[in-house]
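Residues in the sequence shown are numbered consecutively from 1, following the UniProt record's numbering.
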Amino acid sequence: MPDTIPVDSVGLITPQVAHFDTPLVLACGQTLPNYQLVYETYGELNADASNAILICHALSGDHHAAGYHSMEDRKPGWWDSAIGPGKPIDTNHFFVISLNNLGGCSGSTGPTTVNPATGKVWGAEFPMVTVEDWVETQARFADRFGIQTFAAIVGGSLGGMQVLDWSVRYPERLQAAAIIASAPKLSTQNIAFNEVARQSIRRDPQFHDGQYIEQDTIPTNGLGLARMLGHITYLSDDSMGNKFGRQMRHDTYQYNYEVEFEVESYLRYQGEAFTKRFDANTYMLMTKALDYFDPAAREGGDLAKVLSKAQCEFLLVSFTTDWRFSPARSEEIVDALIRSGKHVSYTKIEAIEGHDAFLFPIPRYMNALRGFLSRVAKRLPKENA
């Protein structure tokens, strides 16, 4: 944490909780009689509620997208580089909302919260959730604020899938959509990565069929391995090479299975740190939501036909070294939007960071996002533009 809060920061933020008593019928067929969503907001909502931007988070993200919770925080929210006064998502103009998705582990109703029907933690009994379910809860949340139409909805990776679904599920409720480092559905390889991660968790002896909280334990080995695998796929060969190369802890090989290469130490640290902040059941739910997402399936695989329902303008961003969601996946969406006659801008950013590049303040990327949202801001009432 800096000694003083930067002038372009949203500052100290207190998370809030929204409770919903209207039953929610999930895509899996089960019903939640009630639920809660934890959220943060940045900026001020204007008089006609026309300046709101929704931020959709990725797999391991949450509601804390910008600012600080206290002066003791080691670092700000996960997208602080993009959100704040004068930043691309400019809180001088926009009212920015960031939610922790249903099924998350940062306070929203999910596997770590109590099932009111049993009085016990949900654990593995929490029902499957999908991108479509998240969009439905986000729309209900917007209703709570009187937001009929979002000025823009923005998301990277799994967040971008939520943006895509918004554009066709509620086409009249958003004016602009920014889809970053995302895809219209997972490739077979990506589904395979997710399954290896889930099996790593499920085969941990401490998993206890997902009811590990009742057993007062955590499947740290399995969850840590899942995170190590995932983390490798989020980085590029170049970024890992530049950061670690073949740096070693010792001058010579030790000929054992302890840490010898610096990259081994890094991955072990990432895995261990993740187990202290994220829930294993939530990780499994989120990866399944990724697997299930396929809006084109509604129209026999014709993505352009699905996207013909959209009414907003689009920005698509990809990164050259992202092999998890390669530029070709963004271009599938771009091509489908062009075929369906939509207004779309696309930029492919040179970046060594791999899939994680969408979290970094890469100048050309930030300028593309800034330019897109500046056009959106110009359509706001004068007091916000």
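Here a beta-carbon is modelled for each residue, glycine too, at the ideal position from N, C-alpha and C.
Taking all protein chains shown into account, do 16 or more other C-beta atoms lie within 10 angstroms of the C-beta of residue i, making it buried, or fewer, making it exposed?
| i | result |
| --- | --- |
| Asp143 | exposed |
| Gly341 | exposed |
| Val196 | exposed |
| Asn34 | exposed |
| Arg227 | buried |
| Pro295 | buried |
| Cys28 | exposed |
| Arg74 | exposed |
| Lys329 | Note on identity: in this sequence residue 329 is Arg, with Lys being the wrong assignment. By the neighbour-count rule (16 or more Cβ atoms within 10 Å), Arg329 is buried. |
| Val10 | buried |
| Val114 | exposed |
| Ala297 | exposed |
| Val17 | exposed |
Between the options, which has its C-alpha nearest residue i's C-alpha?
| i | options | result |
| --- | --- | --- |
| Leu359 | Asp279, Gly155, Lys382 | Gly155 |
| Thr91 | Glu136, Asp8, Phe150 | Asp8 |
| Lys120 | Ile213, Gly84, Glu172 | Ile213 |
| Tyr283 | Gln199, Asn46, Glu172, Glu72 | Gln199 |
| Gly222 | Phe20, His208, Gln215 | His208 |
| Ala176 | Ala47, Ala18, Ala310, Ala58 | Ala310 |
| Leu32 | Lys243, Ile89, Glu136 | Glu136 |
| Pro23 | Gln36, Tyr269, Gln16, Tyr170 | Gln36 |
| residue 425 | Arg339, Asn194, Tyr269 | Given that the chain is displayed from residue 1 to residue 385, the structure contains no residue 425 and the question cannot be resolved. |
| Pro184 | Lys243, Ala336, Ile55 | Ala336 |
| Asn242 | Gly371, Gln162, Tyr257, Ile352 | Ile352 |
| Phe150 | Ser157, Val344, Met161, Pro171 | Pro171 |
| Arg364 | Thr320, His63, Thr217, Asn190 | Thr320 |
| Gly371 | Trp323, Val317, Ser70 | Val317 |
| Ala192 | Ser345, Tyr292, Ile89 | Tyr292 |
| Val131 | Gln162, Gly300, Gly123 | Gln162 |
| His63 | Pro88, Val96, Ala52, Ile89 | Val96 |
| Ala273 | Tyr346, Ile362, Leu225 | Leu225 |
| Lys382 | Asp3, Ala47, Ala18 | Ala47 |
| Glu350 | Asp238, Tyr253, Asn256, Ser308 | Asp238 |
| Cys56 | Met366, Trp166, Tyr257, Ala377 | Trp166 |
| Ala65 | Ser345, Gly84, Val17 | Gly84 |
| Ser106 | Ala52, Pro15, Trp122, Val376 | Pro15 |
To the nearest whole angstrom, what separates the beta carbons of residue i and residue j, a pair I think is in contact under 8 Å?
| i | j | result |
| --- | --- | --- |
| Gly354 | Tyr234 | 6 Å |
| Ile13 | Glu44 | With a Cβ gap of about 14 Å, Ile13 and Glu44 do not count as contacting. |
| Gly86 | Gly77 | Actually they do not touch by this definition, with Cβ atoms about 16 Å apart. |
| Phe325 | Ser236 | With 8 Å as the limit, Phe325 and Ser236 do not qualify as a contact, their Cβ atoms being about 12 Å apart. |
| Asn194 | Thr287 | 4 Å |
| Ala124 | Gly210 | 2 Å |
Are residue i and residue j closer than 8 Å when you measure CB to CB?
| i | j | result |
| --- | --- | --- |
| Leu38 | Ser108 | Note on residue identity: the sequence assigns Val, not Leu, to residue 38. Contact flag set, yes. |
| Gln30 | Pro111 | no |
| Trp134 | Leu164 | no |
| Phe141 | Leu99 | yes |
| Ala58 | Gly146 | no |
| Phe261 | Arg277 | no |
| Ile201 | Ala289 | no |
| Val259 | Phe244 | no |
| Ser50 | Leu380 | yes |
| Ala152 | Leu174 | yes |
| Leu54 | Ala178 | no |
| Pro88 | Leu373 | yes |
| Lys348 | Pro327 | yes |
| His231 | Gln189 | no |
| Asp322 | Ala377 | no |
Between residue i and chain D, is there a C-beta pair that is closer than 8 Å?
| i | result |
| --- | --- |
| Asn190 | Given the protein chain composition of this structure (a single chain), no chain D is represented. |
Residue ranges of each beta strand (DSSP E) run of no fewer than 3 residues wholly in the segment 240 to 277, ordered along the chain? none
field: Inside the segment 201 to 241 only - alpha helix (DSSP H) runs reaching at least 4 residues
entry: 220 to 234
Discussion item. Which runs of the alpha helix (DSSP H) at least 4 residues long sit entirely within the segment 46 to 119? Give them in chain order.
Written reply: none
Point to revise | Minimum length 4: unbroken alpha helix (DSSP H) runs contained in the segment 301 to 359 | key: 303 to 307, 327 to 339
task: Report the residue ranges of all beta strand (DSSP E) runs contained in full by the segment 115 to 180; include only those spanning at least 3 residues, in chain order.
output: 152 to 156, 176 to 180
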